[in-house]
Amino acid sequence: MENRVGTTDRWYTLAQVNQGNSLFTMHCAECHGKIGESIPQWNQPDADGYYPPPPLNGTGHTWHHELALLRRIIREGGFKTGGRMPAFSEKLSNAEIDSLIAGFQSRWPNDIYRKWNGTAYDRIEQPAFIQELLKELD
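In the working numbering, the protein residues as written are 1210 to 1347.
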């Protein structure tokens, strides 16, 4: 899947995308898939009740989350959201986290990115645990 930089008004630069793609390969691809595709049953808990890593390529629910929440999940890990994702606050700087997000968002189709970036986000009904995380960000 190609990167989409400059095809619509996106918040990141090509340099961030390039760095983010490298960081994704090093830290994320093993669980989320080589290009962020995850597995077909990503939205179903496993036998232990944990959710598999979601796709980050625009086909899952990642685009439902505002930038602050994406940053927080990467920094603090995914345990609060029912997953097993480790925290990366000790491994990645804030700038690297932004580049990582730029890398996977660059794979989102333009219509998904526009929905994420626009007011459509406010109309998406969020699960209760996400609503709680968003309250903590305020």
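Glycine included, C-beta positions come from ideal geometry on N, C-alpha and C.
- For residue 1235, the enclosing alpha helix (DSSP H) has its first and last residue at 1223 to 1236.
- For residue 1325, the enclosing alpha helix (DSSP H) covers residues 1319 to 1326.
- Distance from the Cα of residue 1242 is smallest, within the candidate group 1227, 1264 and 1252, for 1264.
- A contact between stretches requires three or more CB pairs, one per stretch, nearer than 8 angstroms, and the segment 1250 to 1257 fails this requirement with the segment 1301 to 1314.
- In the DSSP assignment, residue 1299 falls outside any alpha helix (DSSP H), carrying neither H nor E.
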